[in-house]
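Below: one structure, written as structure tokens.
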Amino acid sequence: MDADISAAREAGADLVFVFMSWGTEFSTEPSELQYEIADNLISSGADVIIGGHCRVPQPMEMRTVQRDDGTERSGFVCYSLGNLISCQNDEYTDISALVNIQLTKDTDTGEVWISDVSYKPIYMADLYDYGINDYGWHYRMVDLHAALDSYENGTPWEFITDEVYYDMAAGLEALHEFYGAELDYAYEGGN
């Protein structure tokens, strides 16, 4: 991995993104090995690490590490975005997020940095879980805020029953616990 990061830098990459399949399936907390690998990748030059495999959300953070030469280096780590476009029946496998990373480049110095991070909460609706099987579709990824807003405004999307709504509301609350409400693109005090 270190050689790949070095090769990307040598090829002229302004920033290096690394996508990891790591962690313990269904664990909502990163393992010590994930932290160790993230620290090594950041120290080696990775700027952004996006993880998956766990099938459930895990936190995201800007992480700073101390390199062997005593200097510090930071990188953004999303340990797991969850299932994204798949549905399972285990806890938290129906929630995820689309992460938005804003990059800024100083055209005078060439310096590039992460200037903002936010996410859009999503929900994987599995209609069969609710005994609904007459819509012509089984699974659908939905914008969690838009779906909840439709229900709360009295014009729920056709498939949103009370039970679906309550599950989606609980999903949004869980995503805020995993990723932080302040990073939610629709958070009133945030981005």
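Our numbering numbers the first residue of the sequence shown as -7 and each following residue consecutively.
Cβ atoms here follow ideal geometry from the backbone N, Cα and C, with glycine treated the same way.
Predicted model, so just to flag it, every value in this text is computed and none were measured.
Open item on the list: Let's test the definition: count the other Cβ atoms within 10 Å of the Cβ of Arg59 and tell me whether it reaches 16, buried, or not, exposed.
Closed with: exposed
Open item on the list: Using C-beta distances below 8 angstroms, list every residue in its chain close to Tyr127, excluding the 5 sequence neighbours before and after it, in chain order.
Closed with: Leu119, Glu150 and Phe151
Open item on the list: Going by DSSP in three states, Met12 sits in which element: helix, strand or coil?
Closed with: strand
Open item on the list: Given this structure, state the Cα-to-Cα distance separating Glu2 from Asp(-4), to the nearest angstrom.
Closed with: 10 angstroms
TODO: Could you name the residues of the same chain whose beta carbon sits closer than 7 angstroms to that of Asn183, not counting the 5 residues immediately before and after it, in chain order?
DONE: With a pLDDT of 44 at Asn183, under the threshold of 50, the modelled position of that residue is not reliable, and the figure given next carries that caveat. Hits under 7 angstroms: Asp108, Ser110 and Tyr177.
Open item on the list: Between which residues of its own chain and Pro113 is the CB-CB distance below 6 angstroms, once the five residues before and five after are set aside?
Closed with: Ala89, Leu136, Leu164 and Leu167
TODO: Starting from Tyr143, follow the alpha helix (DSSP H) in both directions and report where the run begins and ends.
DONE: Leu136 to Glu144
- [ ] Put Arg1 into one of helix, strand or coil per three-state DSSP.
- [x] helix
Open item on the list: Assuming Ile169 is part of the alpha helix (DSSP H), what are its boundary residues?
Closed with: Checking the sequence, you will find Glu at residue 169 rather than Ile. Element bounds for Glu169: Asp154 to Tyr171.
Task: Candidates Met116, Gly123, Asp(-6) and Asp100: closest to Ala38 by CA position - done: Asp(-6)
Open item on the list: If contact is defined by three or more beta carbon pairs under 8 angstroms, each pair taking one atom from either stretch, is the region 46 to 55 in contact with the region 64 to 80?
Closed with: yes
Open item on the list: Quick check on Asn183: does DSSP put it in helix, strand or coil?
Closed with: In this prediction, Asn183 scores a pLDDT of 44, lower than 50, which makes its location untrustworthy; no coordinate-derived value is stated.
Task: Buried or exposed (CB count within 10 angstroms, at least 16 for buried), Asn75 - done: buried
Open item on the list: On the CB-based measure, 16 or more other CB atoms within 10 Å of its CB, does Thr20 come out buried or exposed?
Closed with: buried
TODO: My understanding is that Asp82 touches Phe170, with C-beta atoms under 8 angstroms, so please give their C-beta distance in whole angstroms.
DONE: Contact doesn't hold; Cβ gap of about 15 angstroms is too wide.
Task: DSSP state of Ile77 mapped onto helix, strand, coil - done: coil
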